[in-house]
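Below you'll find the structure, written out as structure tokens, and then a few comments.
Residue numbers (the working numbering): 651 to 1293.
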């Protein structure tokens, strides 16, 4: 008998990888060699002095930011000892270190602790992101808009006033966060250097404006969701999904498109909070389209253009057409949806920052770490291009934040199967000649079927800037037919012939809500067949990854133009294409074992005894997913628990 034993382990772990004393500190700025003579002398001066010197001016609390490295994997009692001494922990830094705020007197006492191997100041140069350092190196006085992250919400008013007083500075927005604060401001390079010398400032990064990043897509040759509707009778009933986007149709439950009747709660961002009294109408059309892909029931098309989880409930968080309603602190966004019952959050927007782990990425990781049953799906972005030295293969490194976060499920886009309508008659080279001007991609049709299936040219590729694999999964993202807002004039990639209630659109924006709907069906299966009342986001992500279909080598075959690497995961397809039936109902004689919330702390162990018949072609597949502790935004390696 052929047996496949598939085991899912999930949970949250808090131990850092053991690297030993003297391992370099990995910062976005670069590696700090804590074993070198100069650094050791610096550390000894702090450890032997009753008061540590600092190059930054102190905060109003008398504190300065410091880096404290331990001799081994960080233990909870060591963290507690720092807090007892009077320090405030502000984030993990690899390897085996923490970013802390403390007075010079307190940091001198911490430096004397036996488990501490090195201490040093978190210098102004460490606070400048790579793009900021590049701008400063250009030597011009060009003023740009930046996000200035502060360690404390209580510093917002005072520091905002100080920044505004700098020559040429223009503060455009200030907002408190759950544990930090953000000032958005136009600054000259000399002003950036001044601001990073203030102890209240943790990080400076360029401000980027957020970008907006399905009848065929659900078929067995693509997502294989339609078979789940019939074979497993899963419809999304009982599930609540949140969508943060430009809004939904008219913004009133009394006049909504009939595909959403009686299943919507709407919110809009106003005065630093989401409110039911502000307008959440969609004057752009993007939010209505993605919502239809998640859970529209297809009433206006006699069921043809229905979303994946077509009986689920929707929380729409309207942002306005320019996405101005996305709060600076994403914890607020996710918390509002979570407290109103959502356990899946779909986000088809992001930033063209090419693999950067931004403050949004950090806040997403922070929320999932503290709310382990919320699965957040984020689009990988539409910055894919064959540029530089065009060779017919899309370049790597274009995935955008917050899809660079660790604890989300990042979704890339594959080509859909459509022979007419939308952009299906166009080639990639005809539609975007400056991006895809070289064969074979230039002559490939955007949605007309290829065998094997290929990737959408625009889909953001990984890896992240610290080397982590993204996206996690891919789903159809070209010529997706879905609902059209009655408030919007935008018709996307074209109106569906014979039914003006629906339009075509394309992007990882479209792949993400389809995957969110699939995740809702998987969650419904876990809560019914799987018997789990509130499964973790990690388990749900593991389930989706485990059942994914390998798309390698892609539509152009092997050779110099091979589109998708043979080995999974890869920076192109992640772990593969969503295949929902294979995820929930594997082939005959395959078995799924599910383990959830098996959390570990430093020094702890979980043991499982598993038996598998590996004779012949049998396989044993172990899929491990865990929600990682959020890292300091300036850390060079973002994994805290590096397995």
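Here a beta-carbon is modelled for each residue, glycine too, at the ideal position from N, C-alpha and C. Everything numeric in this text was worked out from a predicted model, so none of it was measured.
Review point. Does the beta-carbon of residue 1054 have 16 or more other beta-carbons within 10 angstroms, so that it is buried, or is it exposed?
Key: Looking up residue 1054 in the chain shown gives position 404. Under this definition residue 1054 is a buried residue.
Review point. Where do the ends of the alpha helix (DSSP H) carrying residue 944 lie?
Key: If you number the chain shown from 1, residue 944 lands on position 294. First-last of the alpha helix (DSSP H) with residue 944: 936-945.
Practice item. Would you mind reading off the limits of the beta strand (DSSP E) that contains residue 891? Key: By one-based count along the chain shown, residue 891 stands at place 241. Element bounds for residue 891: 890-895.
Review point. Thinking just about the alpha-carbon of each residue, which of 1130, 1075, 1110 and 1064 is nearest to the one in residue 1101?
Key: Counted from its first residue, the chain shown places residue 1101 at position 451. Of 1130, 1075, 1110 and 1064, the residue nearest in Cα terms is 1064.
Review point. Nearest-angstrom Cα distance between residue 956 and residue 910?
Key: The residue you call residue 956 lines up with position 306 of the chain shown. The residue you call residue 910 lines up with position 260 of the chain shown. Roughly 10 Å separates the two Cα atoms.
Review point. Which stretch, first to last residue, makes up the alpha helix (DSSP H) that contains residue 920?
Key: Counting from one through the chain shown, the residue named residue 920 turns up at place 270. Looking at the DSSP string, residue 920 is not in any alpha helix (DSSP H); the run it does join, the beta strand (DSSP E), is 914-920.
Check your understanding: Run through DSSP, which three-state label would residue 1091 get?
Key -> By one-based count along the chain shown, residue 1091 stands at place 441. Helix at residue 1091.
Practice item. Can you tell me which of 1156, 753, 760 and 704 puts its alpha carbon nearest to the alpha carbon of residue 720? Key: Position 70 of the chain shown, counted from the start, is the residue given in the question as residue 720. The option with the nearest alpha carbon to residue 720 is 760.
Practice item. Consult DSSP for residue 1235 and reduce its assignment to one of helix, strand or coil. Key: Reading the chain shown from its first residue, position 585 is the one you call residue 1235. If DSSP states are grouped into helix, strand and coil, residue 1235 belongs with coil.
Review point. Can you check whether the CB of residue 934 is closer than 8 Å to the CB of residue 1151?
Key: Residue numbering aside, residue 1151 sits at position 501 when the chain shown is read from its first letter. Residue numbering aside, residue 934 sits at position 284 when the chain shown is read from its first letter. No, the pair does not count as a contact, with Cβ atoms beyond the cut-off.
Exercise for review: Determine the burial state of residue 1258: buried for a count of at least 16 other Cβ atoms within 10 Å of its Cβ, exposed for fewer.
Suggested key: Within the chain shown, the letter at position 608 stands for residue 1258. Looking at its Cβ environment, which holds fewer than 16 other Cβ atoms inside 10 Å, residue 1258 is exposed.
Review point. In the DSSP assignment, what are the bridge partners of residue 1154?
Key: Sequence index remark: in the chain shown, residue 1154 carries index 504 (1-based). Residue 1154 is bridged to 1131 and 1144.
Check your understanding: Are residue 997 and residue 1028 close, meaning C-beta to C-beta below 8 Å?
Key -> Within the chain shown, residue 997 is the residue found at index 347, counting from 1. Within the chain shown, residue 1028 is the residue found at index 378, counting from 1. Taking 8 Å as the Cβ cut-off, residue 997 and residue 1028 qualify as a contacting pair.
Review point. Helix, strand or coil for residue 810 per DSSP?
Key: Numbered from its first residue, the chain shown carries residue 810 at position 160. In this structure, residue 810 counts as helix in the three-state DSSP scheme.
Exercise for review: Note down, one range per segment and in chain order, each beta strand (DSSP E) of at least 3 residues found wholly within the stretch 753-829.
Suggested key: 766-771, 794-800 and 820-826
**Study point:** Identified DSSP bridge partners for residue 977
**Key:** Position 327 of the chain shown, counted from the start, is the residue given in the question as residue 977. In the DSSP output, where bridge partners are listed per residue, residue 977 has none listed.
Review point. Going by other Cβ atoms of all chains shown within 10 Å of its Cβ, with 16 needed for buried, is residue 932 buried or exposed?
Key: Residue numbering aside, residue 932 sits at position 282 when the chain shown is read from its first letter. The residue is buried, with at least 16 neighbouring Cβ atoms inside 10 Å.
Point to revise | Per-residue burial, residue 712 [other beta carbons within 10 Å of its own, 16 or more giving buried] | key: One-based indexing of the chain shown puts residue 712 at position 62. Residue 712 comes out exposed.
Review point. Could you check where the beta strand (DSSP E) with residue 1295 kicks off and where it finishes?
Key: With the chain covering only 651 through 1293, there is no way to say anything about residue 1295.
Practice item. Decide if residue 860 is buried, meaning its Cβ has at least 16 other Cβ atoms within 10 Å, or exposed. Key: Taking the first residue of the chain shown as position 1, residue 860 is located at position 210. Buried: at least 16 other Cβ atoms inside 10 Å.
Check your understanding: For residue 915 and chain D, any beta-carbon pair shorter than 8 Å?
Key -> Checking the listed chains, one finds no chain D in this structure; it contains a single protein chain.
Practice item. Just mark residue 1242 as buried or exposed, buried being the case when its beta carbon has 16 or more other beta carbons within 10 Å. Key: Against the chain shown, residue 1242 aligns to sequence position 592. The residue in question, residue 1242, is buried, as its Cβ has 16 or more Cβ neighbours within 10 Å.
Review point. To the nearest angstrom, how far is it from the Cα of residue 1194 to the Cα of residue 965?
Key: In the chain shown, counting from the first residue as 1, residue 1194 sits at position 544. In the chain shown, counting from the first residue as 1, residue 965 sits at position 315. The straight-line gap from Cα to Cα measures roughly 23 Å.
Point to revise | Of the listed residues 992, 730, 1008 and 885, nearest to residue 853 (C-alpha basis) | key: Locating residue 853 in the chain shown gives position 203, where the first residue counts as 1. Here the closest residue by C-alpha is 1008.
Review point. Which class does residue 839 belong to by DSSP, given the choice of helix, strand or coil?
Key: For the purposes of this step, residue 839 is taken as the residue at position 189 of the chain shown. Reduced to three states, the DSSP call for residue 839 is helix.
Check your understanding: Which residue comes first and which comes last in the alpha helix (DSSP H) that contains residue 910?
Key -> For the purposes of this step, residue 910 is taken as the residue at position 260 of the chain shown. Counting along the chain, residue 910 falls outside any alpha helix (DSSP H), and DSSP gives it neither H nor E.
Point to revise | Touching by the beta-carbon criterion (3+ pairs, under 8 Å), the stretch 1198-1205 and the stretch 969-976 | key: no
Exercise for review: Report yes if the C-beta distance between residue 1211 and residue 1042 is below 8 Å; otherwise report no.
Suggested key: Sequence index remark: in the chain shown, residue 1211 carries index 561 (1-based). Sequence index remark: in the chain shown, residue 1042 carries index 392 (1-based). The answer is yes: Cβ separation under 8 Å.
Point to revise | Neighbour-count burial assignment, residue 777, 16 or more Cβ in a 10 Å radius | key: Here the question's residue 777 lines up with position 127 in the chain shown. Under this definition residue 777 is a buried residue.
Check your understanding: Considering only the beta carbon of each residue, do residue 919 and residue 707 sit closer than 8 Å?
Key -> Taking the first residue of the chain shown as 1, we reach residue 919 at position 269. Taking the first residue of the chain shown as 1, we reach residue 707 at position 57. Going by C-beta atoms, residue 919 is not nearer than 8 Å to residue 707.
Check your understanding: Since residue 730 is in the alpha helix (DSSP H), which residue starts that stretch and which ends it?
Key -> Stepping through the chain shown from its first residue, residue 730 is reached at position 80. Counting along the chain, the alpha helix (DSSP H) containing residue 730 begins and ends at 726-735.
Review point. What does residue 1173 pair with, by DSSP beta-bridge criteria?
Key: Mapped onto the chain shown, residue 1173 falls at position 523. BP columns for residue 1173 are empty, so no partner.
Point to revise | beta strand (DSSP E) segment containing residue 963, residue limits | key: If you number the chain shown from 1, residue 963 lands on position 313. Note, residue 963: beta strand (DSSP E), 963-968.
**Study point:** Whole-angstrom C-beta distance between residue 1130 and residue 1155, which should lie under 8 Å
**Key:** Taking the chain shown and counting its residues from 1, the one referred to as residue 1155 is at position 505. Taking the chain shown and counting its residues from 1, the one referred to as residue 1130 is at position 480. Correct: roughly 6 Å between the Cβ atoms.
Point to revise | First through last residue of the alpha helix (DSSP H) which encompasses residue 1017 | key: Your numbering for residue 1017 matches position 367 in the chain shown. 1009-1020 is the extent of the alpha helix (DSSP H) around residue 1017.
**Study point:** 7 Å Cβ shell around residue 857 - same chain, five flanking residues per side excluded
**Key:** The residue given as residue 857 occupies position 207 in the chain shown. Closer than 7 Å at Cβ, skipping near neighbours: 795, 796, 797 and 834.
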